[in-house]
Amino acid sequence: MNESIKIKGGFSLKDDKKNKSSLENLSGNYAADDLNEELERLARTFQQELDKAKQDAELGEKLGDIVQGLPDEETLEEADLCAACGERRRDKSVSPDYEYCSVCREAMRRYPLSIPVLLLTVVLAVVAVVSAIDFCGYIDGYENVRLARKAEKENRPESAVEYYDMAIAIFESDDVSAKRLYLDSADDLMFAMPRGRSTMEDVCRRLQKAVDTIEAKIPLYARYNDVNEEAGAMAATLDLVEQTMNDEAFADYDGKDEEMYKQIIAKLDAISEQTVTVDALDGSTVTRPADLSVLYLMEYIFAYSTDHLDDTLRYLEKTEAAAPERLSLYAYEMGLVLVQNGDANRAKKYAEKLYAANKDSVYGPCLYATIYRMTGKPDEAHKWVDIAIDEMPDDADLKRQKAMIYLSEDKPQEAYELLGGLMNDSSFSGYAQFYMTYIVAAHELGKTDNQAAAEEKLQTLETAYTDRMNDYLAGKLTAVQMFTKGTGDVE
Amino acid sequence: MTTLYIVTRFLTFFGAEARTFFEHLTCRILKLPIEDTRAFKPSELCAHVEHELAPKLGGAFLVCWLPFTLTTLMSCLFLLTGAYRILYIGDYSSLISWLLLWLGFSFAANCFPTFEDVLNLRDKLYGQKGHTVAKILLAPYFAVFFCGAWLERFSITFLTAGVFTAFFPQIFTVIFPLVKNIVQMSSDI
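Quick look at the structure:
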């Protein structure tokens, strides 16, 4: 008989003949209920184990899928592995020869910044900002240097030196060395300087400030060594000239003794054979020939002041030949002498050179004004003297130049009013040529009182009338002739 | 040529490090995958970051422009004191000024992008249809980047940086009055 004993959970234990004897034996020992309970317990246990086995089987299937997805060491080549991690497959979706897997690629997008490099960059940024702040602190100084360089390009060396000096003052107030400014300003002074000793000494001082004794030996500063020695030689030559002029043997010279004039000239000429000693930048002492341009200029001044006008042109030509680049030494006077001798065209060339070389100087415009005044072009003369007056509005001699133009075109009223303003200024200390020009204007207008007042001031200077003034007052020379013929001036 | 290039990067150490950092920063902003950020690697990419090329025009331009601008700006800031003190007014005794001059030179020598980045920019800018306005507006930048990157391959930017440093005061003179006005207005405020 096959009876299925239904156990909870669905498991049935078939009652077949094979196991009947066992069951009959068991039933001999247990009651039917106890047997059923035992069978139920076994069935439950079996069911639990069966369920568990089913779950494990399902999990195993899943794992099997995953395992199948993993590269098989035996089938994945090294060339397909990520170059960074070496574990995963390269992400070929980026490009066929891409070297990294998708996981590493994502990590590479967030590549961390290096802390030391970050700190270094922050420090450098701070230093950069500090540098900018420091620059702003000296911006006025740099502005003056910029204006100085601009003035140099515009051929205004005197303005350039002024700007350099302002800049030097700013930097030196904070102990900032400004060597280059000293060197550049010394160059400008040397180029544009008048004939004064103080300027020559100023050139040497600036160079000595910029270049110390060790630096002076460097080839880079060789040019400045030369400039220093040149300026020093000029100053030393001036000393020799002064010594000669102050010689006791010539103490009685009154400007009229021809013999003594020749002796003085001979002694001055002898200086051209002499040497002078100059302090070099490296601290040594250098011997150089006397500076001929300064010597011949001094000889010109001596000849002019002693009315040896025939010699003036010769000395000016020698000055030019000795140092043609030093226009400030000879160009103005050369132009004057030429125009006085009737060679206005040559005179104009010197005026052009002078004005082109130094637009700050009034000598160029003044020379132009004189040339045009003496060649009967007063309008042009006014234009040029006005340029000079714009440069130096308070200069008395420039106003005198303008008054001379008025007188040359027979406009004494304008000349009188122009010079009268200064005459009435109590702080004005006039000079002989100024008073004489005023006297001409007053005389033309018949203002005898003003003329007398000017004559009194002239007498306080212990200066007598010049020959040309005497000729004018005697009626031998008109005012127009005074300022258009001969010397074109009161003397 | 690569050896010469690497040597010049070492000589301009700080500029090279900073430029690499700025490139790294730019790549992080653009989320470009970065492969190698070492500044001093023995290859043509010394002082540059190895990274994937930017896929779009904006990114391609930024990768070239941002490090260039930051490096050039810092170079100018260093030279404001370094070049002005030493070359403009002759303050040769200040060691700090010499240091700033060298820093300015270093940064100026390391301001250009890699040639690959520039070519990528060219492809994005001139290789596609459209973007006509961008082609015109970005043309000067592209020209500068292209010339600079090409010169850098032959280490010529080492020389151009020297020229830039030597003439910096004269170059800056162009905007000097404007800068002075700004400084004065700032101090008045």
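In order, the protein sequences belong to chains A and B.
To convert, take the position in the first sequence, counting from 1, and add 15; that gives this note's numbering.
To convert, take the position in the second sequence, counting from 1, and add 812; that gives this note's numbering.
C-beta: ideal position from N, C-alpha, C; glycine also.
Using a Cβ-Cβ cut-off of 9 Å, state whether V495/A counts as contacting chain B.
Residue mapping note: residue 495/A aligns to position 480 of the first sequence, counting from 1. Not closer than 9 Å to any Cβ of chain B, the Cβ of V495/A fails to qualify, so no.
Own chain, CB closer than 6 Å to E230/A, minus 5 neighbours either side, in chain order:
By 1-based counting over the first sequence, the position of residue 230/A is 215. Answer for E230/A: Y236, listed in chain order.
Spatial neighbours of V226/A within its chain, please: CB distance less than 7 Å, with the 5 preceding and 5 following residues excluded, ordered by chain position.
Position 211 of the first sequence holds residue 226/A. Answer for V226/A: Y236, Y239 and L296, listed in chain order.
How about T838/B: is its C-beta nearer than 9 Å to some C-beta of chain A?
Position 26 of the second sequence, counted from the first residue, corresponds to residue 838/B. Not an interface residue.
Residues from the region 145 to 157 of chain A in contact with chain B, defined by Cβ distance under 7 Å:
Contact residues of the region 145 to 157 of chain A toward chain B are S146, A147, D149, F150, C151, I154 and Y157 (C-beta to C-beta distance below 7 Å).
Would you call G939/B buried or exposed, if buried means 16 or more other Cβ atoms sit within 10 Å of its Cβ?
For the purposes of this step, residue 939/B is taken as residue 127 along the second sequence, with counting starting at 1. The residue in question, G939/B, is exposed, as its Cβ has fewer than 16 Cβ neighbours within 10 Å.
Going by other Cβ atoms of all chains shown within 10 Å of its Cβ, with 16 needed for buried, is G802/B buried or exposed?
A question about residue 802/B goes unanswered here, because the residues of chain B that appear run from 813 up to 1001.
Helix, strand or coil for N34/A per DSSP?
The count along the first sequence starts at 1 and reaches residue 34/A at position 19. Annotation note: pLDDT 44 at N34/A (below 50); position unreliable, coordinate value reported separately. Coil, per DSSP.
Anything in chain B within Cβ reach of M181/A, meaning under 7 Å, just list it in chain order.
In the first sequence, residue 181/A corresponds to position 166, counting from 1. Per Cβ cutoff of 7 Å: no residues; M181/A is ~13 Å from chain B at best.
Please report the residue range of the beta strand (DSSP E) in which V291/A lies.
On the first sequence, position 276 is the one that residue 291/A refers to. Counting along the chain, the beta strand (DSSP E) containing V291/A begins and ends at T290 to D294.
Chain-order list of residues whose beta-carbon lies under 7 Å from that of L162/A (same chain, five-residue window excluded)
Residue numbering aside, residue 162/A sits at position 147 when the first sequence is read from its first letter. Counting only Cβ-Cβ distances below 7 Å, and skipping sequence neighbours, we find Y178.
The region 476 to 489 of chain A touching the region 876 to 892 of chain B, judged by at least three CB pairs closer than 8 Å
no
So, does the region 362 to 369 of chain A touch the region 162 to 172 of chain A, judging by three or more C-beta pairs under 8 Å?
no
Per-residue contacts from V226/A into chain B (C-beta, under 7 Å)
Looking up residue 226/A in the first sequence gives position 211. Result: empty, since nearest Cβ-Cβ is about 10 Å, beyond 7 Å.
Span separating the alpha-carbon of K69/A from that of E102/A:
Translated into the one-based positions of the first sequence, residue 69/A becomes position 54. Translated into the one-based positions of the first sequence, residue 102/A becomes position 87. Distance between the alpha carbons of K69/A and E102/A: 34 Å.
Residue range of the alpha helix (DSSP H) that includes V301/A:
In the first sequence, residue 301/A corresponds to position 286, counting from 1. Not the alpha helix (DSSP H): V301/A falls in the beta strand (DSSP E), residues T300 to P304.
Endpoints, beta strand (DSSP E) assigned at I565/A:
Missing from the structure shown is residue 565/A; chain A here goes from 16 to 506 and no further.
Could you tell me whether the Cβ of K168/A comes closer than 9 Å to any Cβ of chain B?
Residue numbering aside, residue 168/A sits at position 153 when the first sequence is read from its first letter. So no, K168/A is outside the interface.
Are the CB atoms of F873/B and G933/B within a distance shorter than 9 Å?
For the purposes of this step, residue 933/B is identified with residue 121 of the second sequence, where counting begins at 1. For the purposes of this step, residue 873/B is identified with residue 61 of the second sequence, where counting begins at 1. Looking at the sequence shown, residue 933/B is not Gly but Leu. For L933/B and F873/B, yes; Cβs fall inside 9 Å.
Please classify A955/B: is it buried, with 16 or more other beta-carbons within 10 angstroms of its beta-carbon, or exposed?
Position 143 of the second sequence, counted from the first residue, corresponds to residue 955/B. Label assigned to A955/B: exposed.
Would you mind giving the Cβ-Cβ distance between T969/B and A921/B, rounded to the nearest angstrom? I have them listed as a contact below 8 Å.
As a position in the second sequence, residue 969/B is number 157, starting the count at 1. As a position in the second sequence, residue 921/B is number 109, starting the count at 1. About 5 Å; that satisfies the 8 Å criterion.
Check whether the region 815 to 829 of chain B and the region 841 to 857 of chain B are in contact - that is, three or more C-beta pairs closer than 8 Å.
yes
Start and end residues, beta strand (DSSP E) containing I846/B
For this step, residue 846/B is matched to residue 34 along the second sequence. I846/B -> beta strand (DSSP E) spans I846 to D848.
Cβ-based burial, D306/A [other Cβ within 10 Å; buried from 16]
The count along the first sequence starts at 1 and reaches residue 306/A at position 291. Counting Cβ neighbours within 10 Å, D306/A comes out buried, since at least 16 surround it.
Are the beta-carbon atoms of T452/A and A418/A separated by less than 9 Å?
Looking up residue 452/A in the first sequence gives position 437. Looking up residue 418/A in the first sequence gives position 403. Yes.
Looking at the C-beta of P952/B, does it have a partner C-beta in chain A at a distance below 9 Å?
Here residue 952/B refers to the residue found at position 140 of the second sequence. Not an interface residue.
Between V160/A and chain B, is any beta-carbon pair separated by less than 9 Å?
As a first step, residue 160/A must be located in the first sequence, where it is residue number 145. At least one chain B Cβ lies under 9 Å of V160/A.
Which of the three DSSP states, helix, strand or coil, is assigned to R329/A?
Here residue 329/A is taken as the residue at index 314 of the first sequence, counted from 1. Assignment of R329/A by DSSP, reduced to helix, strand and coil, places it in the helix class.
Looking at chain A, is there any beta carbon in it that lies within less than 9 Å of the beta carbon of G974/B?
For the purposes of this step, residue 974/B is taken as the residue at position 162 of the second sequence. No, no contact with chain A.
Anyone know if the C-beta pair for I901/B and A182/A falls short of 9 Å?
Residue mapping note: residue 901/B aligns to position 89 of the second sequence, counting from 1. Residue mapping note: residue 182/A aligns to position 167 of the first sequence, counting from 1. Closer than 9 Å, so yes.
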